[in-house]
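Sequence lines, in order, name chains A and B. Quick note on UniProt numbering: the first sequence kicks off at 1 and runs consecutively. Quick note on UniProt numbering: the second sequence kicks off at 1 and runs consecutively. See structure below.
Protein chains: 2
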Amino acid sequence: MVTSRDVARLAGVSQSTVSYVMSGRRSISPETRRRVEEAIETLGFQPNAGARALASQRSQVIGLVVPFAPGADMTGVLPFIETITKCAREEDHNVILATEDEGAEGLTRLSDQSLCDAIVLMEVGSKDPRIPVAAGLSVPVILIGVPDDPAGLYCVDLDYTLAGRMAVDELASSAHDRVVLLGYPRDVMARDVNFVRRFLRGAEESAAAHGIAYVEVSPPDTSRAGAEAALDEALTEQGPGGGRLGLVVPDPQLIQPTLQSLLDRGLVPGRDLSVIGLCTDRTAETSTPPVTNLSLEPRDVSRRAMRILFRLLNHESVPTASTVELVTPRLTLRQTSLPAR
Amino acid sequence: MVTSRDVARLAGVSQSTVSYVMSGRRSISPETRRRVEEAIETLGFQPNAGARALASQRSQVIGLVVPFAPGADMTGVLPFIETITKCAREEDHNVILATEDEGAEGLTRLSDQSLCDAIVLMEVGSKDPRIPVAAGLSVPVILIGVPDDPAGLYCVDLDYTLAGRMAVDELASSAHDRVVLLGYPRDVMARDVNFVRRFLRGAEESAAAHGIAYVEVSPPDTSRAGAEAALDEALTEQGPGGGRLGLVVPDPQLIQPTLQSLLDRGLVPGRDLSVIGLCTDRTAETSTPPVTNLSLEPRDVSRRAMRILFRLLNHESVPTASTVELVTPRLTLRQTSLPAR
DNA sequence: CATTGCTGTCGATACGCATCGACACCCCCG
DNA sequence: CGGGGGTGTCGATGCGTATCGACAGCAATG
């Protein structure tokens, strides 16, 4: 192993000088700097992470807690991980992974063992039991998702209320007469996840504002049969015909089954009715047919979270007065939207 | 911050005794052990990771290099990450993430900075430029995927050759007359990925062995249009009718488009022909209709890799003489298989 | 009783780096 | 020509843990 002492010896300077060359925390003469950098290059010196962390009280590591819990919707988790990792690297930090199923102890472990300088907590639930613990840690914590009580922690999330509103707004403005919201399956509803409530509220509000007919049906699960059942309920209740129907499907897993069920009934999305999904663009592009969607913007959300995080780490002031930052979803029209009339 | 010295003071022992209680590397009297453990509990002591790493030359961290490169197939990466992380935690290790786009430097960084004790390298290509670098690192490296020259490194992967053989074996044994292999898109073929070649070879071999008609067509890309084009080529060439046709689709991204294209032509998978996909079970279950598939077994592959890894770290002998460990795929019949005749 | 061999504990040290205080040197100004 | 204020470098120290050698106490042995 090459140490900074080896570099110092080769460059003919002291070890501390090497350290100052690398950190830039003291001025160094151009000549010395050159010699040291040359020595670093020659020896291929890389500072020992443990020693650095021990001496500086900074691990240069970000803890990322991901939802691997069984049953959690893992669709679209990857873009978050990807973006967060890349943002971290841009700031010369590394990412250490923890899984949701470790619960609150996972958080204290990361923090108390000085494994990381900050924590990003993904997929935060309404009354997430980790929140009070997170609030008491010695490292800053950024939440992706908005709990009922953020306990002063910084939160970033998609603006689900706005997403719900945008979905119905779009349908209303393209002359649809009625909206059916194909809700989340019962088990998701039972978990009382925050963003579900927010989305539904936004959709309802918009429907009310536009004076447009609005019903909400909950499928038993996200299977093909679940979609069938929900559609049965939705369509028989109102009759299949008459007017322009808009279907809003906020659960990504339900989109493909729903589209398929519609086709089986001879109802072609984009010809006989509109379908708007809430899912990643990738999911929307690859569904058959490609579905008009509101993007979950995982990259934007992640980037915003990381910006806050590094501002906190660098003791810069965090500009927003608010503790909750919401990202605006993006609507992309694809093949499942009825043409304007 | 609570240190082992604090624990020692409270327990009335020396710091080194605390360390020995925790590591179990020297015998400790029951009475002393009790007092120390009580003190640890009381203070909520967690050893400082950096200090521990510095002193013991062990970071208790596994480096995981994931394929986030643009264009890489990210489908199914998550189960690998999940399983690897969980295996690591079972052995009291953490996982640090690196992205493929850091290339070989990412590997030397992880190793030379002593950020981790071992590295898992995912999605290794045939002539992956990282292999020679990996072979020279001071930490063990486990590959997921098999390069042309493993350079003495341990590799774990699905047995793609067997998968190809199993696909055609299944079709042959269920009285199919001919097999069309809807290959990988041209850009994947161009990258000359190892597992693609292996799968195709297995399929060819089996077809030859069974004396069954076999053609292979390559779609331009994984879009719907790409699937259409490939199907056009495959079906016109042989005519749509006559005998029992089996379609093998090894690219997960191509499966849904292909199924859809078939349905559009009035060809119902499971009634008019058979379709076998190579994809995760999850993908197979959620396709419409659910496709008979050979599983990629990400959990098995990951677990095998981690077992080797920890054996290496614990200086246990690694049992296999061979450096390459292949996992047997699992065939699951679903709705796209023709009933036996 | 002297010796040997354990068992259980302690003190000291090393790990590699960051940082603080000291200080030698030089330049500029009085 | 003397003093003051930078500038650039160094030595020393500390971060918190693991581990080595030492050794006190005790039991078993000849």
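Glycine is no exception: its CB is placed at the ideal position from the N, C-alpha and C atoms.
Cβ neighbour criterion (16 or more within 10 Å) applied to B:Thr161: Position 161 of the second sequence, counting from 1, holds the residue named residue 161 of chain B. B:Thr161 should be labelled buried.
Backbone CA spacing between B:Ser317 and B:Met306 [nearest angstrom]: Position 317 of the second sequence, counted from the first residue, corresponds to residue 317 of chain B. Position 306 of the second sequence, counted from the first residue, corresponds to residue 306 of chain B. Take the alpha-carbon of B:Ser317 and the one of B:Met306: they are about 14 Å apart.
Chain-order list of residues whose beta-carbon lies under 8 Å from that of A:Pro289 (same chain, five-residue window excluded): By 1-based counting over the first sequence, the position of residue 289 of chain A is 289. Within the same chain, Cβ atoms closer than 8 Å to the Cβ of A:Pro289 are found at Leu259, Pro269, Gly270, Arg334, Gln335, Thr336, the five residues on either side in sequence being excluded.
Secondary structure of A:Pro132, DSSP reduced to three states: Locating residue 132 of chain A in the first sequence gives position 132, counting from the first residue. Of the three classes helix, strand and coil, the one that applies to A:Pro132 here is helix, per DSSP.
4 or more residues per run - each alpha helix (DSSP H) lying fully within the segment 99 to 126 of chain B: If one requires a minimum length of 4 residues, the alpha helix (DSSP H) runs lying completely within the segment 99 to 126 of chain B are 103 to 112, in chain order.
Proximity of B:Ser206 and B:Val168 at Cβ, strictly below 8 Å: Position 206 of the second sequence, counted from the first residue, corresponds to residue 206 of chain B. Position 168 of the second sequence, counted from the first residue, corresponds to residue 168 of chain B. For B:Ser206 and B:Val168, yes; Cβs fall inside 8 Å.
Whole-angstrom distance between A:Gly63 and A:Asp232, CA atom to CA atom: Within the first sequence, the letter at position 232 stands for residue 232 of chain A. Within the first sequence, the letter at position 63 stands for residue 63 of chain A. C-alpha separation (whole angstroms): 45 Å.
A:Leu87 - DSSP class collapsed to helix/strand/coil: Residue 87 of chain A sits at position 87 when you count from the first residue of the first sequence. Looking at the sequence provided, one finds Cys at residue 87 of chain A rather than Leu. In the structure shown, A:Cys87 falls within a helical segment according to DSSP collapsed to helix, strand and coil.
Cβ shell of A:Asp281 (< 6 Å), same chain only, five flanking positions each side left out: By 1-based counting over the first sequence, the position of residue 281 of chain A is 281. Within the same chain, and ignoring the five residues on either side of A:Asp281 in sequence, the residues whose Cβ sits closer than 6 Å to its Cβ are Ser295.
Three-state secondary structure assigned by DSSP to A:Arg303: For the purposes of this step, residue 303 of chain A is taken as residue 303 along the first sequence, with counting starting at 1. The answer is helix: DSSP assigns A:Arg303 an H, G or I state.
Spatial neighbours of B:Ala69 in its chain, beta-carbon cut-off 8 Å, leaving aside the 5 residues before and after: Walking along the second sequence from the start, residue 69 of chain B turns up at place 69. Excluding sequence neighbours, B:Ala69 sits near Thr99, Glu100, Asp101.
Cβ-based burial, A:Ala208 [other Cβ within 10 Å; buried from 16]: Here the question's residue 208 of chain A lines up with position 208 in the first sequence. Classification for A:Ala208: exposed.
Proximal residues to B:Leu97 (C-beta, below 6 Å), its chain only, five neighbours per side dropped: The sequence position of residue 97 of chain B within the second sequence is 97, counting from 1. Here the set comprises Leu64.
Spatial distance of B:Gly226 from B:Gln256 (CA atoms): The residue labelled residue 226 of chain B in the question sits at position 226 within the second sequence. The residue labelled residue 256 of chain B in the question sits at position 256 within the second sequence. Going from the Cα of B:Gly226 to the Cα of B:Gln256 covers about 12 Å.
Residues of the segment 124 to 156 of chain A with Cβ closer than 9 Å to any Cβ of chain B, in chain order: Of all residues in the segment 124 to 156 of chain A, Ser138 have a Cβ within less than 9 Å of some Cβ in chain B.
Alpha-carbon spacing of A:Arg201 relative to B:Asp272, whole angstroms: Counting from one through the first sequence, the residue named residue 201 of chain A turns up at place 201. Counting from one through the second sequence, the residue named residue 272 of chain B turns up at place 272. If you take the alpha carbons of A:Arg201 and B:Asp272, they lie about 46 Å apart.
Residue(s) in a DSSP beta bridge with B:Asn293: The sequence position of residue 293 of chain B within the second sequence is 293, counting from 1. Assignment of beta-bridge partners to B:Asn293 by DSSP yields B:Gly277, B:Thr332.
First through last residue of the alpha helix (DSSP H) which encompasses B:Ile142: Counting from 1 along the second sequence, the entry for residue 142 of chain B is found at position 142. Where B:Ile142 is concerned, there is no enclosing alpha helix (DSSP H), although the beta strand (DSSP E) around it starts and stops at 141 to 144.
Segment contact flag, the segment 128 to 141 of chain B with the segment 167 to 186 of chain B, C-beta cutoff 8 Å, min 3 pairs: The segment 128 to 141 of chain B is not in contact with the segment 167 to 186 of chain B.
Helix, strand or coil at B:Ile308 according to DSSP, with G and I counted as helix: Indexing the second sequence from 1 puts residue 308 of chain B at position 308. DSSP places B:Ile308 in the helix class (H, G or I) of the three-state scheme.
Amino acids of chain B, ordered along the chain, whose beta-carbon sits closer than 7 Å to that of A:Val77: For the purposes of this step, residue 77 of chain A is taken as the residue at position 77 of the first sequence. In chain order: Leu78.
Validate contact between the segment 213 to 227 of chain A and the segment 34 to 46 of chain A using beta carbons, cut 8 Å, 3 pairs: The segment 213 to 227 of chain A, when compared against the segment 34 to 46 of chain A, does not touch it at the 8 Å Cβ threshold.
Cβ of B:Phe68 within 8 Å of any chain A Cβ: Within the second sequence, numbered from 1, the residue matching residue 68 of chain B stands at position 68. Cβ-Cβ to chain A under 8 Å: yes for B:Phe68.
Exposure label - A:Gly152; buried when at least 16 CB within 10 Å: Within the first sequence, numbered from 1, the residue matching residue 152 of chain A stands at position 152. Exposed.
Limits of the beta strand (DSSP E) - the one that B:Tyr154 falls within: Taking the first residue of the second sequence as position 1, residue 154 of chain B is located at position 154. Note, B:Tyr154: beta strand (DSSP E), 154 to 158.
Contact set between the segment 89 to 104 of chain A and chain B, restricted to residues whose Cβ is under 9 Å from the partner: Legend: CB atoms of the segment 89 to 104 of chain A lying less than 9 Å from CB atoms of chain B belong to residues Arg89, Asn94, Val95, Ile96, Leu97, Ala98, Thr99, Asp101, Glu102.
Residue closest to A:Thr332, alpha-carbon to alpha-carbon, out of A:Thr320, A:Thr283, A:Gln57, A:Gly136: Position 332 of the first sequence holds residue 332 of chain A. For the options A:Thr320, A:Thr283, A:Gln57, A:Gly136, the alpha carbon positioned closest to that of A:Thr332 is the one of A:Thr283.
8 Å Cβ cutoff, A:Leu262 in contact with chain B: What you label residue 262 of chain A is simply residue 262 of the first sequence in a count that begins at 1. Against chain B, the CB of A:Leu262 has no partner CB under 8 Å away; the residue lies outside that interface.
Below-8 Å beta-carbon distance, B:Asp300 vs any chain A residue: The count along the second sequence starts at 1 and reaches residue 300 of chain B at position 300. Judged by the 8 Å Cβ criterion, B:Asp300 is not in contact with chain A.
Whether A:Ala53 touches B:Gly50 by CB criterion (8 Å): Numbered from its first residue, the first sequence carries residue 53 of chain A at position 53. Numbered from its first residue, the second sequence carries residue 50 of chain B at position 50. Cβ distance < 8 Å, so A:Ala53 and B:Gly50 count as in contact.
Buried or exposed by the 16-neighbour rule on C-beta atoms within 10 Å, applied to A:Asn194: Start at 1 with the first residue of the first sequence, and residue 194 of chain A comes out as number 194. Buried, because 16 or more other Cβ atoms sit within 10 Å of the Cβ of A:Asn194.
Short Cβ contact (8 Å threshold) for A:Val66 with A:Val77: Numbered from its first residue, the first sequence carries residue 66 of chain A at position 66. Numbered from its first residue, the first sequence carries residue 77 of chain A at position 77. Closer than 8 Å, so yes.
B:Thr280 at chain A interface by Cβ criterion, 8 Å: On the second sequence, residue 280 of chain B is found 280 positions in, with the first residue counted as 1. Not an interface residue.
6 Å CB neighbourhood of B:Ala8 in its chain, flanking five on each side removed: For the purposes of this step, residue 8 of chain B is taken as residue 8 along the second sequence, with counting starting at 1. For B:Ala8, where only same-chain residues beyond five positions count, the Cβ hits under 6 Å are Ser14, Gln15, Val18.
Cβ of B:Pro257 within 8 Å of any chain A Cβ: Stepping through the second sequence from its first residue, residue 257 of chain B is reached at position 257. Yes, its Cβ sits closer than 8 Å to a Cβ of chain A.
Cut-off 6 Å between Cβ atoms - residues of its own chain near B:Ala234, not counting five sequence neighbours on either side: Here residue 234 of chain B refers to the residue found at position 234 when the second sequence is read from its first residue. For B:Ala234, where only same-chain residues beyond five positions count, the Cβ hits under 6 Å are Val180, Val217.
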